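Presented below is the structure to which this report refers.
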């Protein structure tokens with residue numbers, strides 16, 4: 001095993017010998033990759049990426065299978081051959097991918113993400129043929145492991161030979177030792193199996209239908225031989241008897257109710273005779289006659305009072321009639337159509353009208369003198 005060391009050289013002057021003080025040592029080549037593998041595996045295990053509860057079930061019937069692998073490798077040929085043999089008609093969509101060397105891990109992760117963008121894929125196979133640990137290292141890269149873990153599609157890992165183990169195998173939903181095994185996992189039910197199952201179900205259904213028909217025929221035969229079919233009137237004999245009974249009970253009930261009602265009417269009639277309303281009616285008529293007489297008397301009094309009031313008011317109105325006032329020798333002074341009843345409402349040069357018995361005079365006030373009381 002080769003190792004790479006880092007240190008410093010010391011010289012022992014008396015003897016002229018050299019010594020190296022090693023400060024760091026690590027395996028060279030494959031050993032370094034193995035350590036890196038274990039470190040990343042431990043880290044991802046602690047994060048829970050490899051837990052079974054995250055594994056997705058594979059579909060029973062796939063219509064389209066995605067494959068992330070090299071275009072020219074034997075992997076895609078084996079998958080196509082196996083799928084075509086097991087279930088012809090299933091589509092295979094290849095994502096040509098670089099599977100080793102610089103940039104391989106990034107391209108694998110990118111194509112896994114591309115496949116997850118499609119809605120018509122049912123399952124995804126990722127893989128490559130056998131090789132050294134360096135050749136398979138792209139499938140141990142963290143970016144690939146996380147892309148598989150985040151995949152919406154169930155993923156089958158088929159990397160290297162059966163003895164080869166990668167971190168992609170740990171995180172994938174299923175691991176297949178070979179591309180052929182991966183194709184078989186993607187098509188768990190072959191077309192022949194499906195046809196055989198359908199034929200078997202068809203036979204079972206036909207047998208079940210035949211059994212049902214046979215039982216129904218036998219039941220119909222028994223029914224046709226029964227007394228009810230030969231004498232169908234017996235079906236409703238019991239109902240006719242029941243109907244007769246109900247009719248009889250109804251008639252009896254009606255008779256009883258009519259009799260009870262007659263008795264009630266007779267009792268009420270007797271009570272009315274005993275409590276005859278004739279007397280009450282006569283008393284109310286007498287009271288009504290008295291009230292009518294009183295009402296006429298009161299109305300006459302009110303009428304006479306109102307006539308006297310009207311006469312008095314008419315005489316008062318006549319006393320206030322201007323034509324009657326001026327006829328008695330008086331004159332009325334008006335200013336702007338208003339009667340002047342005080343000198344205080346007049347001033348010098350006001351225009352006034354003097355109403356007299358036989359006409360009116362237009363005057364101008366020359367002076368206003370107030371009478372001292």
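Numbering (full-length UniProt numbering), first residue to last: 1 to 373. The C-beta atom is built at its ideal place from N, Cα and C for all residues, glycine as well. Since the model is a prediction, treat every value here as computed from it, not as a measurement.
| field | Where residue 91 falls: helix, strand or coil (DSSP) | value | In this structure, residue 91 counts as strand in the three-state DSSP scheme.
| query | Would you call the CB atoms of residue 368 and residue 352 closer than 8 Å? | reply | It is not a contact, given that the beta carbons lie outside the stated cut-off.
| task | Could you round the C-beta distance between residue 75 and residue 158 to whole angstroms and report it? I think they count as a contact, below 8 Å. | result | Residue 75 to residue 158, Cβ: 7 Å. Contact.
| field | Ranges of the alpha helix (DSSP H) found wholly within the region 110-176, counting only runs of at least 4 | value | DSSP runs (the alpha helix (DSSP H)) wholly in the region 110-176: 142-149 and 167-171.
| query | In this structure, does DSSP put residue 18 in helix, strand or coil? | reply | The answer is strand: DSSP assigns residue 18 an E or B state.
| field | Three-state secondary structure assigned by DSSP to residue 359 | value | If DSSP states are grouped into helix, strand and coil, residue 359 belongs with the strands.
| request: Report yes or no: do three or more beta-carbon pairs, one from the region 91-98 and one from the region 162-169, lie closer than 8 Å? | output: When C-beta atoms of the region 91-98 are compared with those of the region 162-169, fewer than three pairs fall below 8 Å, so the two segments do not count as touching.
| message | One question on the structure: do residue 49 and residue 144 come within less than 8 Å of each other, judged by their Cβ atoms? | response | A distance of 8 Å or more separates the beta carbons of residue 49 and residue 144.
| By DSSP, does residue 334 sit in helix, in strand, or in coil? | DSSP, reduced to helix, strand and coil, places residue 334 within a strand of the structure shown.
| said: Taking the alpha-carbon of residue 176 as reference, which of 120, 130 and 62 has the nearest alpha-carbon? | reply: Closest by alpha carbon: 130.
| request: Report yes or no: do three or more beta-carbon pairs, one from the region 177-195 and one from the region 50-62, lie closer than 8 Å? | output: The region 177-195 is in contact with the region 50-62.
| field | beta strand (DSSP E) segment containing residue 99, residue limits | value | Here residue 99 belongs to no beta strand (DSSP E), and DSSP marks it neither H nor E.
| request: Note down, in chain order, each residue of its chain lying with its Cβ closer than 7 Å to the Cβ of residue 87, except the 5 sequence neighbours on either side. | output: Excluding its 5 nearest sequence neighbours in each direction, residue 87 has C-beta neighbours in its own chain below 7 Å: 187, 190 and 191, listed in chain order.
| request: Entirely within the region 197-230 and at least 4 residues each: give me those alpha helix (DSSP H) ranges in chain order. | output: Qualifying alpha helix (DSSP H) stretches, in chain order: 227-230.
| Which residue comes first and which comes last in the beta strand (DSSP E) that contains residue 64? | That run of the beta strand (DSSP E) goes 64-69.
| Leaving out the 5 sequence neighbours to the left and right, which residues in its chain are closer than 8 Å to residue 20 when beta-carbon positions are compared? | Once the five neighbours on either side are set aside, the close Cβ partners of residue 20 are 5, 7, 8, 9 and 10.
| query | Since residue 355 contacts residue 332 with CB under 8 Å, what's their CB separation in whole angstroms? | reply | In this structure, residue 355 and residue 332 form a Cβ contact; the two beta carbons are roughly 4 Å apart against a cut-off of 8 Å.
| task | For residue 138, count neighbouring Cβ atoms within 10 angstroms of its own Cβ and tell me buried if that reaches 16, exposed if not. | result | Label assigned to residue 138: buried.
| task | Kindly examine the ligand ZN and report whether one of its heavy atoms sits closer than 7 Å to the Cβ of residue 363. | result | The ligand ZN is not part of the structure shown, which contains no ligands of any sort.
| Name the DSSP bridge partner or partners of residue 180? | In the DSSP assignment, residue 180 is bridged to no other residue.
| request: Just grab the DSSP bridge partners of residue 13 for me. | output: Its beta-bridge partners do not exist; DSSP assigns none.
| query | In whole angstroms, what is the alpha-carbon distance linking residue 204 and residue 212? | reply | Approximately 12 Å, taken between the alpha carbons.
| request: Please go through the same chain and pick out, in chain order, the residues whose beta-carbon is closer than 7 Å to the beta-carbon of residue 109, but skip the five residues on each side of it. | output: Counting only Cβ-Cβ distances below 7 Å, and skipping sequence neighbours, we find 143, 144 and 147.
| request: Helix, strand or coil for residue 7, going by three-state DSSP, please let me know. | output: Strand, per DSSP.
| Which residue or residues does DSSP assign as beta-bridge partners of residue 351? | BP columns for residue 351 point to 364.
| C-beta neighbour in chain D for residue 47, strict 8 Å | Among the chains of the structure shown, chain D does not appear; only one protein chain is present.
| query | Do you know how far the Cα of residue 241 is from the Cα of residue 259? | reply | Each residue's alpha carbon lies about 28 Å from the other.
| request: Please determine, among 126, 72, 349 and 167, the residue with the shortest C-alpha to C-alpha distance to residue 154. | output: Selected option, being the one with the closest Cα: 126.
| said: Whole angstroms are fine: how far does the CA of residue 67 sit from the CA of residue 111? | reply: Cα to Cα, residue 111 sits roughly 9 Å from residue 67.
| query | Can the beta-carbon of residue 55 be found less than 8 Å from the beta-carbon of residue 173? | reply | One thing to note: residue 55 has its Cβ within 8 Å of the Cβ of residue 173.
| task | Taking residue 116 as the reference, give the member of 90, 152 and 104 with the closest Cα. | result | Nearest option by C-alpha distance: 152.
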